[in-house]
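Chemist: For the sequence shown, our numbering assigns the number 156 to the initial residue and increments by one for each residue that follows. By construction, the Cβ of each residue, glycine as well, lies at the ideal position given by its N, Cα and C atoms. Sharing a structure with you now.
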Amino acid sequence: MARRILIDFETTPGDHDLNFKIWIFAEDLYRALRSNELASLSLDDVDRVSSQLTIPVRSKRRVRRTAAVIEQLLEEHFLTQVARLSVTDEAGQPVD
Numbered sequence: 156m157a158r159r160i161l162i163d164f165e166t167t168p169g170d171h172d173l174n175f176k177i178w179i180f181a182e183d184l185y186r187a188l189r190s191n192e193l194a195s196l197s198l199d200d201v202d203r204v205s206s207q208l209t210i211p212v213r214s215k216r217r218v219r220r221t222a223a224v225i226e227q228l229l230e231e232h233f234l235t236q237v238a239r240l241s242v243t244d245e246a247g248q249p250v251d
C-alpha cells in the first residue's frame, strides 16, 4: 500500500522570506526525488506550496529513504525548526 509524507510548515501568509525559502526547498526536493525515483512530486505542487506539502511515496519500503532525503534538504535550507513530517496511508490515516 502506498504512503504519503506530509510536511507541515509553521508559517504565516505575511512571512514572505520564509514562504520563499519553503518554495526553494520544494524545488530542490522535486529535483532530488526525480533523480532517485523514490517518490513523486509535481511542479504544480511545488508552485502551490504554502504551509503544507504532500509527497506520494511509490512504495511502503521507500518511506524511510524518502524521509531521510527530505530531512537532509530541510537541514540544508535551515527549515528544520519550522517543519514537521508525518506519514499517512492512502486514506489519510496516520501510520508509524
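For Ser241, write down the residues that DSSP places opposite it in a beta bridge.
Modeler: Answer is Leu161.
Chemist: Look at the alpha carbon of Glu245 and the alpha carbon of Leu198, and state the distance between them as a whole number of angstroms.
Modeler: Those two C-alpha atoms are separated by around 21 Å.
Chemist: Checking 9 Å against the spacing of the C-beta atoms, do Leu173 and Leu184 come in under that value?
Modeler: No; because the gap between Cβ atoms is not below 9 Å, this pair is not in contact.
Chemist: For Ile177, which of Gln248, Glu231, Ser241 and Val242 has the nearest alpha-carbon?
Modeler: Out of Gln248, Glu231, Ser241 and Val242, Glu231 has the C-alpha closest to the C-alpha of Ile177.
Chemist: Could you tell me the distance, in whole angstroms, from the CA atom of Gln236 to the CA atom of Glu226?
Modeler: If I take the Cα positions, the gap works out to 11 Å.
Chemist: Are Leu234 and Phe180 close, meaning C-beta to C-beta below 9 Å?
Modeler: Cβ atoms of Leu234 and Phe180: closer than 9 Å.
Chemist: Quick check: the Cα distance between Ser206 and Ile160, rounded to an integer number of angstroms?
Modeler: Straight-line Cα distance between these residues: approximately 14 Å.
Chemist: Output the distance between the C-alpha atoms of Leu228 and Asp163, rounded to the nearest integer angstrom.
Modeler: Between Leu228 and Asp163, the C-alpha separation is close to 15 Å.
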